[in-house]
Amino acid sequence: MSKLKIAIQKSGRLNEDSMKILKDVGISIDNGKDQLKASAKNFPLEVFYLRNGDIPQYLKDGVVDVAIIGENVLVEKGQDITIAEKLGFSSCKVSVAIPKGKSYNSIKDLEGKRIATSYPNTVNQFLKDNNVNANLHIINGSVEIAPNIGLADAIVDIVSSGSTLFKNNLKEVEVILKSEAVLAVSPQISSENQAILNKLQFRLQSVLKARN
Ligand code: PRP
Ligand code: MG
């Protein structure tokens, strides 16, 4: 019998809440978190623990059928992937921030500036939409350090509690997008697995309704 293949963040902010929602819909998984793959005992589901940034490509290629992932990652890397369900957890923003002491009036102030980010596509689209030219520095983590070491004038990164901005003496000046965890679907899902997905969604919808 066919199984629905779902990608979950391997470690990080989404991992725990993703496992929790599967548990809440009554799916119990044989873990091992250090295993990269696990099977559900009582539902035709296989879980793959993957890195966030790799998940959009796995969806596109049909290596997995669905994924629990931040909308912001889809905006950056998975424009052609559909969202089946918004899951109501892990909300965050993707924002522009600058050193606290600098003045800021409008997006135009970013003209000609150096912006450090891990979200180049999102930033480029934002700059284009606002008719601003700036220079991107792409870095993969600890983006908030960039202005303090003289690498950039501004950053674009995820803001959740705001604590990382605060600790690095930065202030949020623009919100590019708001994001939450979603259930994303591969364009290549088979009709057999789509039927399993429908069952999963039905359960998810009742859990989400009860949570509200
Ligand atoms: C993420 C993100 C921000 C921070 C936002 O970084 O890149 O830096 O969390 O959360 P906050 O507003 O609650 O502080 P993470 O800690 O995952 O590490 P990384 O940037 O090195 O990947
Ligand atoms: Mg960070």
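According to full-length UniProt numbering, the residues represented by the sequence shown are 1 to 212, in order. Backbone N, C-alpha and C define an ideal beta-carbon position, used for all residues, glycine too.
Burial check for residue 9: the Cβ neighbour count within 10 Å reaches 16 or more, so the residue is buried.
Residue 54 has its alpha-carbon roughly 13 Å from the corresponding atom of residue 6. Secondary structure of residue 112 (DSSP, three-state): coil.
Residue 98 and residue 204 have their C-alpha atoms roughly 39 Å apart. Relative to the ligand PRP, the beta carbon of residue 159 is positioned inside 7 Å of a heavy atom. Secondary structure at residue 72: helix, using DSSP grouped into helix, strand and coil. Cβ contact annotation for residue 36 (same chain, cutoff 6 Å, sequence separation greater than five): 49, in chain order. Leaving aside the five residues that flank residue 89 on each side, the residues in its chain whose CB is nearer than 6 Å to its CB run, in chain order, 17 and 181. At a Cβ-Cβ threshold of 8 Å, residue 136 and residue 117 count as neighbours.
Between the stretch 94-110 and the stretch 192-207 there are fewer than three C-beta pairs closer than 8 Å, too few to call the two in contact. Judged by the Cβ position, residue 172 fails to qualify as a neighbour of the ligand PRP at the 7 Å threshold, every heavy atom of the ligand being at least this far.
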